[in-house]
Amino acid sequence: MRGKTHFACGVAAVFTAASAATHAGGSPDPVLWGGMLFLAGCVAPDLDTPDSAVSHRLPWAHRGLAILGVRHRTLTHSLVGVALCGAICWAVAATSPGALWLWPWFPAGCLFHVLLDSLSDAGVPWLWPGGRSRSVRGRTVVPGHVGLYRVGALSEYVTAAAVCAAVVLSVPVWDLVLATMPVA
Ligand SMILES: [Zn+2]
2 MRGKTHFACG
12 VAAVFTAASA
22 ATHAGGSPDP
32 VLWGGMLFLA
42 GCVAPDLDTP
52 DSAVSHRLPW
62 AHRGLAILGV
72 RHRTLTHSLV
82 GVALCGAICW
92 AVAATSPGAL
102 WLWPWFPAGC
112 LFHVLLDSLS
122 DAGVPWLWPG
132 GRSRSVRGRT
142 VVPGHVGLYR
152 VGALSEYVTA
162 AAVCAAVVLS
172 VPVWDLVLAT
182 MPVA
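Every letter in the sequence shown is one number past the one before it in our numbering, and letter 50, counting from 1, is 51.
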């Protein structure tokens with residue numbers, strides 16, 4: 002997916018989380034603060050390609066990954082990458098008193114990004130550096146993978162709209178789940 006469609010799906014997810022928190026009697030504020038980190042995580046994995054909107058805004062970050070030899074849809078689009086990102090976020094948050102609760106939001110956004118990219122025709126190498134991914138014209142694809150959409154085509158926007166609708170319409174389900182959880 003492109004940056005704007007990743008961002009739109011992320012906004013839908015944050016809206017849903019804030020709505021569920023409000024319905025559960027909590028404050029939406031923590032969700033909105035964490036949601037900003039989540040949205041950053043939703044676009045961050047594409048720092049591995051010079052063509053992405055996030056790389057245009059943060060060229061130094063893209064150059065850093067390029068110097069480290071990180072190619073598009075490899076480390077940043079894998080479970081190893083998400084786990085590494087989570088460990089770094091936890092380590093950073095642990096040094097700031099009262100901020101530890103913020104650590105999962107950014108890696109959760111990265112995971113959401115990889116999940117959405119896995120629906121594309123190229124797929125993602127979830128098990129990188131293992132798995133059956135290979136490089137085609139400079140990008141990693143998963144042979145035999147059948148996706149729901151092609152990046153930049155109408156099918157990408159249809160998929161993004163369907164994901165946004167599904168996420169927003171899941172609010173009553175989350176209300177039900179939270180209602181069944183024991184109150185501390
Ligand atoms: Zn991506």
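Cβ coordinates follow ideal geometry from the N, Cα and C atoms, glycine included.
- Unbroken alpha helix (DSSP H) stretches of 4 residues or longer found wholly inside the region 144 to 172: 155 to 170, given in chain order.
- Residue environment: R74 is assigned as buried (16 or more neighbouring CB atoms within 10 Å of its CB, all protein chains considered).
- Apart from the 5 residues on each side of it in sequence, S134 sits with its Cβ closer than 6 Å to the Cβ of P126, T141 and V143 in its chain, given in chain order.
- The DSSP-derived three-state label of V142 is strand.
- A residue is listed when its beta-carbon falls short of 6 Å from at least one non-hydrogen atom of ligand 1; in chain order these are P46, D47, H78, H114 and D118.
- W106 places its beta carbon less than 9 Å from that of G36.
- In this structure, A161 is the residue among A67, A161 and T17 with its C-alpha nearest to the C-alpha of G153.
- A direct Cα-to-Cα measurement between I68 and S136 gives close to 18 Å.
- S136: member of the beta strand (DSSP E) spanning R135 to V137, first to last residue.
- Per the coordinates, the alpha-carbon of S28 lies some 43 Å from the alpha-carbon of G70.
- Residue pairing of S121 in beta bridges, as defined by DSSP: Y150.
- By the beta-carbon neighbour count (other beta carbons within 10 angstroms, threshold 16), H63 is buried.
- Listed in chain order, the non-local C-beta contacts of G82 below 6 Å within the same chain comprise L76, local neighbours out to five positions each way being set aside.
- A direct Cα-to-Cα measurement between S121 and A84 gives close to 22 Å.
- Spatial neighbours of S156 in its own chain (CB-CB distance under 8 Å, excluding positions within 5 residues in sequence) are listed in chain order as L149 and Y150.
- DSSP, read as helix, strand or coil, puts M2 in coil.
- For T75, the three-state secondary structure derived from DSSP is coil.
- H114 counts as buried, since at least 16 other C-beta atoms from the protein chains shown sit within 10 angstroms of its C-beta.
- Here L33 carries a helix assignment [DSSP, helix/strand/coil].
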